[in-house]
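Input: a single structure, listed below in structure tokens.
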């Protein structure tokens, strides 16, 4: 490989596309010939230059092109987007999976058709730029760059003559074998080739502003320019790469959320952008009534090509991310009336990027979407959301103190449902997996209660409450469990100790012998049926569970007709045991059972335990 007889000094911020166009113009060579001269033939198919060259160059590729153009390998690599791959995730993703021949780049990269500033393309007064035009800047390939801060104007999205591009292209350069065009001329093909006529390029000049009424042509406001500058600053070393990467993923997700739920989030936009964003959403949606949900979600994960719509939508997304209560704002957008959260298009988008967003965004989004990261491969299980408390510290029926301090103000939902659901959700956050697995961990019988995302969501909807309200207080309780007011109880240990447990007959006889005598000839029965109900009462006090899910081994040993008879009287006995103003017999019995429960709990917690026997 011999160096070219003449080369060109790269301009500041110039992209590989720009350099190939300007160097080829100087040498009257098509960009494709320069690619082949550099030895990049493995990357070229069917005379097309793939967009993957813009994303990264291998060491040998950079060195070969450096020898050809009389540069250093570092100068050549600086023409690509590789320097931002740790800060802007779409660069890294596309570098791994494409784009290559026949592949589409990530929609959050304008690889082959960047927006542009005509004044920048016109160049400065240097000889090289007078003859070959100004540089196509690398920044223009990033969709969040919608304005030229230097010239305080919005970028142009298409050719003023032919109106292209109209679609995303995986090609790095259109008409890469054409050497007749100036770098600032439109290279998109117009017309249809025939046997007698070849296709031709548009050729419209992109470095000349179209004469329009200055009062009708919008210009970015100082606030929008400051916002643009803040986005650009995240590409600089002063911002940690991990923070920048998470922010751009958050911004992408927030943008998609506003777009997929439009017009719910239009209050986040400045009114001057509403029309542009509405037009973008309408064009991106297509005929959403006939398109499938997955395709619909992909369409909404495409940033607006119109720079004004892009500025407005990104600014609204940034405002959403800056909200104090992010979860509350996300809930307002995520939960569409009558639609399951997990079926919405945005949740599918979120699932693709959940591992790359910030912890703050993930903490706010995951409880609302009921999505959990899978670990262990495609067939793996759903990972836990929290590790700051242990699931064994959660009772099956939320502690009354926790309920009163956090959940009591939530009206419209039965306290029993709140206490049960809160316990299951806390366990699910800690162990991962579906709700039914968390319920089984707590000893809640699936045949009696089934936990499903859609029924839970519909219950909140019928009550006229926002699920975010429940999620917020649940997170507050989770934060307390990280640094509890008092030592936490190992409820799982208690549940295991009392699995299939019942009061031993001799201890039951000792308890009832302490009952004060009642006046009159009638004596309440104290047989095995009441021993079973007393065992359930003790189990509830020790494990903080619900009597519905307590073990009933004494009852299980009875004949079928006896089991049916006991079941009919179960609720009445339980009511008499727990109601404040009950009969004297039940009040006295409850006092004895409470003392027994406290001692049994202390024995289990200390490890001494008690015999788990059942009357044979």
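Numbering (my numbering), first residue to last: 2 to 617. Every residue gets a Cβ at the ideal spot worked out from N, C-alpha and C, and that includes glycine. Keep in mind the model is a prediction, meaning the values are calculated, not measured.
Are the CB atoms of residue 119 and residue 210 within a distance shorter than 7 Å?
yes
Roughly how many angstroms separate the alpha carbons of residue 161 and residue 270, rounded to a whole number?
28 Å
Coil, strand or helix - residue 157 by DSSP
strand
Considering just the uninterrupted stretch of the alpha helix (DSSP H) at residue 199, what are its terminal residues?
Run containing residue 199: none; DSSP gives neither H nor E here.
Less than 7 Å separating the beta-carbons of residue 404 and residue 482?
Going by C-beta atoms, residue 404 is not nearer than 7 Å to residue 482.
With 16 as the cutoff for other CB atoms within 10 Å, does residue 504 come out buried or exposed?
buried
Indicate whether the contact test is met: 3 or more Cβ pairs, each with one atom in the segment 326–336 and one in the segment 465–482, closer than 8 Å.
Three or more beta-carbon pairs drawn from the segment 326–336 and the segment 465–482 are found closer than 8 Å, and the two stretches are therefore classed as touching.
Taking the Cβ atom as the reference point for each residue, do residue 309 and residue 277 lie within a distance shorter than 7 Å?
yes
Presumed contact (8 Å Cβ cut-off) between residue 502 and residue 540, rounded CB distance:
7 Å
List the whole-angstrom C-beta distance separating residue 173 from residue 52, where the pair is believed to meet the contact cut-off of C-beta under 8 Å.
5 Å
Measure from the alpha carbon of residue 208 to the alpha carbon of each residue in 143, 134 and 148, then state which is nearest.
134
Leaving out five residues before and five after residue 36 in sequence, what residues of the same chain have Cβ atoms less than 7 Å from its Cβ?
45 and 50
Closest by CA to residue 510, which one among 185, 581 and 593?
By alpha-carbon distance to residue 510, the top candidate from 185, 581 and 593 is 593.
In this structure, does DSSP put residue 186 in helix, strand or coil?
strand
Please classify residue 268 as buried or exposed, where buried requires at least 16 neighbouring CB atoms within 10 angstroms.
exposed
Could you name the residues of the same chain whose beta carbon sits closer than 6 Å to that of residue 493, not counting the 5 residues immediately before and after it, in chain order?
393
Can you give the Cα-Cα distance for residue 58 and residue 28, rounded to whole angstroms?
23 Å
Should the segment 65–82 be regarded as contacting the segment 228–247, the criterion being three or more beta carbon pairs within less than 8 Å?
no
Exposure of residue 366, with buried meaning 16 or more beta-carbon neighbours within 10 Å
It is buried - the Cβ of residue 366 has at least 16 other Cβ atoms within 10 Å.
Take every Cβ of the segment 69–78, pair it with every Cβ of the segment 132–148, and state whether three or more of those distances are shorter than 8 Å.
no
Do residue 11 and residue 21 have their C-beta atoms closer together than 7 Å?
no
Opposite residue 1 in the DSSP bridges: which residues?
In the structure as shown, the chain starts at 2 and stops at 617, and residue 1 therefore has no counterpart that could be examined.
Report, in whole angstroms, the separation of the C-beta atoms of residue 184 and residue 19, which I expect to be a contact under 8 Å.
7 Å
Output the boundary residues of the alpha helix (DSSP H) element that contains residue 315.
Boundaries of the alpha helix (DSSP H) harbouring residue 315: 308–322, taken from the DSSP string.
Do residue 585 and residue 543 have their beta-carbon atoms positioned less than 7 Å apart in this structure?
no
Reference residue 353; option with closest CA among 263, 302, 228 and 498:
302
Leaving out five residues on either side along the sequence, give the residues of the same chain with a beta carbon under 8 Å from the beta carbon of residue 205.
160, 161, 162, 163, 186 and 187
For the segment 510–522 and the segment 407–425, state whether three or more C-beta atom pairs, one from each stretch, are separated by less than 8 Å.
no
Taking residue 4 and residue 69 to be in contact with their CB atoms under 8 Å, please state how far apart those CB atoms are, rounded to whole angstroms.
6 Å
If you draw a straight line from the C-alpha of residue 91 to the C-alpha of residue 324, how long is it?
25 Å
State yes or no: is the C-beta of residue 591 within less than 7 Å of the C-beta of residue 601?
no
For residue 407, I'd like the list of residues in its chain whose CB is within less than 7 Å of its CB, leaving aside the five on either flank, ordered along the chain.
474, 477 and 478
7 Å Cβ cutoff met for residue 347 and residue 261:
yes
Residue 583 versus residue 463 - alpha carbon distance
35 Å
Put residue 148 into one of helix, strand or coil per three-state DSSP.
strand
Which of the three DSSP states, helix, strand or coil, is assigned to residue 138?
strand
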